[in-house]
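Presented below is the structure to which this report refers.
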Amino acid sequence: MIRPDWHIVEQWITPRSRVLDLGCGDGSLMAHLIDRRQVSAVGLELDDDQVAACIEAGLNVIQEDLDSGISDWFAPMSFDFVIVSQTIQAMRHPERLLADMLSIAREGIVTFPNMGYWRNRVQLGLLGHMPFNRALPNPWYNTPNIHLCTLTDFEALCDELGLEILDRAVVDSARRESALLRTFPNWFGEHAIYRIKRRV
Amino acid sequence: MSDVAPKIATPGAADAGMNHSVGIVHPQTAIFTAPLALDCGRSLPSYTLVYETYGQLNAAGSNAVLICHALSGDHHAAGFNAETERKPGWWDSAIGPGKPIDTNRFFVVCLNNLGGCKGSTGPLSIDPATNKPYGPDFPIVTVRDWVSAQHRLMQYLGLARWVAVIGGSLGGMQVLQWSISYPDAIAHAVVIAAAPKLSAQNIAFNEVARQAIITDPEFHGGRYAEEGTLPRRGLMLARMLGHITYLSDDAMRAKFGRELRAGQVNYGFDVEFQVESYLRYQGTSFVDRFDANTYLLMTKALDYFDPAHEYGDDLSAALAPAQADFLVISFTSDWRFAPMRSREIVRALLAAGRRVSYAEIESNHGHDAFLMNIPYYHRVLAGYMANIDLTLEQSAGVL
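So the protein lines, in turn, are chains A and B. 2 is the number of the first residue of the first sequence in my numbering; add one for each residue after it. 10 is the number of the first residue of the second sequence in my numbering; add one for each residue after it.
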């Protein structure tokens, strides 16, 4: 199954580039990009089952906890793109990862569930409970998603870290793009996808 | 795997059985008469290598896998040498039909390294110059020397290259050396529970083991065979020490705890705790199957291994010639060659631009884990091996 943000990520990736996928899961995004963009890809993943799945799929994967740092593993600028897909919200120090990843790659692609999505706002603001839905499918007490943010929050952090936003896209889970989404992305974007680099 | 009844006939046959054993295997001998120049400056005028093979070489010759053994290993990696043999080869858990190193798919070769005591030329062999056993006069051999000899065996077997070279511990060091020495002759490198060089602590343990052997009064400067004796106590101590470093604190606690053999303490120096009994058993049984001079040689080969040394201690520069794809595996409770040491290898490989995967296996078995059937470990190894492409196109591209 193709996740909603993949077709946009794919469009931003240059053919035959070097790609690092942080929190690569079972490697299906890497496989997708190898297939569509002929990239050379390596992933980082902590979970045993996911690492084994990557290796079984013939993909390159390094078993590592993203929170223990990535700049140890890779030389500066050793990748064209580093992707963090649906992962930063589960990290202890997303701000460190964002800074580190742009020291090892020219561009970063970050995707995350948008806490500002209208359904989340309604659930918290009107119904008075933590968001619990398609994009955030875990109850508050047992969720990997410990650092949720909105588009506004993310853009403020990028600014603080000296990162330039090259592209932004938002989608809903059905991959629809509409005038409404484009006009009010922080209200109607269920997932956010950013292309960023270091400000020079 | 001692419950496997050694009754299967056809070695390496696809239908060798429901118990996934390669069955009965017979060691073979290759004699080399061209001198082999060694790192120490000496050379071996001629030598013999003993090896076993499992599975069938395919028509294209593209499915040959080399297994490199560790400190006390030998050529007998899988199956049984005789119907009466109770224990299978040292890595039978991973090699066989349907196992991670699947003999239905691969032609697997394992040899006893030079300096060994299981049939390949070593200290027990007759020195043609003196007509007496080499004993302590056998030249010091290095990991690079072993790989040179293994390369000659590859040619002897009519192989253009290995589709994979695989080894754990000291065997993993040989795999690294293969990728550096003969980059065209190895497509995949599987480096398990290894290190790019020994730490001071590793060398210290080796030195204590060597001193135990050398200071045994029966050692006679290594000429114990001529004296008709054996440095039993020294070799036993060396092995006991080795075994402590192969296990983790947790594994020892789980296996022995403070359990007493007689159920009570006797206030004496006889064996009282189960762990003492285990170590003494490991030590004494080792003496009957291993040569002290070989043990000294193997520990020296470990100590000297340091491919980065010639490159200003830059491991990625040392690995620059490598062309292989790599799988690196470590075990969390291995303190002899801890995960940190495997990470050094992975980082250097990434910096050298190699394709590499790394798995860190949760295990409380210490260094010994690499010989065990740990489900996640074997899933990773099997998954990697299953993806190795045996088609000729790929071979042509790499050659």
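Beta carbons are placed, not taken as given, at the ideal position from N, Cα and C, and that holds for glycine. Since this is a predicted model, take the numbers as computed values, not measurements.
- By the Cβ rule, the segment 314-327 of chain B does not count as touching the segment 289-302 of chain B, because fewer than three pairs are nearer than 8 Å.
- Distance between residue 67 of chain B and residue 57 of chain B, taken at the CA atoms: about 26 Å.
- Of all alpha-carbon atoms in B:77, B:389, B:241 and B:47, the one lying nearest the alpha-carbon of residue 222 of chain B is that of B:241.
- For residue 52 of chain A, the closest Cβ of chain B is nearer than 8 Å.
- Contact between residue 270 of chain B and residue 280 of chain B holds: CB atoms are separated by about 6 Å, below the 8 Å threshold.
- Counting only runs that start and end inside the segment 321-388 of chain B, the beta strand (DSSP E) elements of at least 3 residues fall at 334-340 and 365-370.
- For residue 185 of chain B, the uninterrupted alpha helix (DSSP H) segment begins and ends at 179-190.
- Counting only residues of its own chain and dropping the five nearest sequence neighbours on each side, residue 90 of chain A has a CB closer than 6 Å to the CB of 113, 146, 148 and 149.
- The C-beta of residue 396 of chain B comes closer than 8 Å to at least one C-beta of chain A.
- Each of B:367, B:45, B:272 and B:34 was checked against the Cα of residue 154 of chain B, and the nearest Cα belongs to B:45.
- Between residue 346 of chain B and residue 376 of chain B, the alpha-carbon positions lie close to 7 Å from each other.
- From the beta-carbon of residue 76 of chain A, the residues of chain B found nearer than 7 Å are 360.
- A direct Cα-to-Cα measurement between residue 65 of chain A and residue 272 of chain B gives close to 45 Å.
- Those residues of the segment 53-64 of chain A placed with their C-beta closer than 7 Å to a C-beta in chain B are 53, 56, 57, 59, 61, 62, 63 and 64, ordered along the chain.
- Fully contained in the segment 245-287 of chain B is no beta strand (DSSP E) run of length 3 or more.
- Of the residues B:263, B:210 and B:33, the one whose Cα lies closest to the Cα of residue 254 of chain B is B:210.
- Nearest neighbour of residue 168 of chain A by Cα position, chosen from A:111, A:86 and A:32, turns out to be A:111.
- Residue contact with chain B for residue 49 of chain A: present (Cβ-Cβ distance below 8 Å to some residue of chain B).
- Closest in alpha carbon position to residue 77 of chain A, among A:102, A:17, A:154 and A:172, is A:102.
- Measuring C-alpha to C-alpha distances from residue 259 of chain B to each of B:62, B:172, B:343 and B:124 identifies B:343 as the nearest.
- Residues of chain A whose Cβ lies closer than 9 Å to the Cβ of residue 287 of chain B do not exist, since the nearest Cβ in that chain is about 30 Å away.
- Here residue 127 of chain B is actually not in contact with residue 135 of chain B; their C-beta atoms are around 16 Å apart, not less than 8 Å.
- Around the beta carbon of residue 175 of chain B, a 10 Å sphere encloses 16 or more other beta carbons of the protein chains shown; the residue is thus reported as buried.
- Residues of the segment 357-387 of chain B with a C-beta atom less than 9 Å from some C-beta of chain A are 359, 360, 362, 364, 365, 366, 367, 368, 369, 370, 371 and 385, listed in chain order.
- For residue 392 of chain B, the residues of chain A that pass the 9 Å Cβ criterion are 53, 54, 55, 56, 57, 58 and 59, in the order they occur in the chain.
- Here residue 171 of chain B carries a strand assignment [DSSP, helix/strand/coil].
- Non-local C-beta neighbours of residue 182 of chain A in its own chain, meaning closer than 8 Å and more than five positions away in sequence, comprise 171, 172, 173, 189 and 190, ordered along the chain.
- Separation of the CB atoms of residue 84 of chain B and residue 120 of chain B is rounded to 5 Å, and the pair is thereby assigned contact status at 8 Å.
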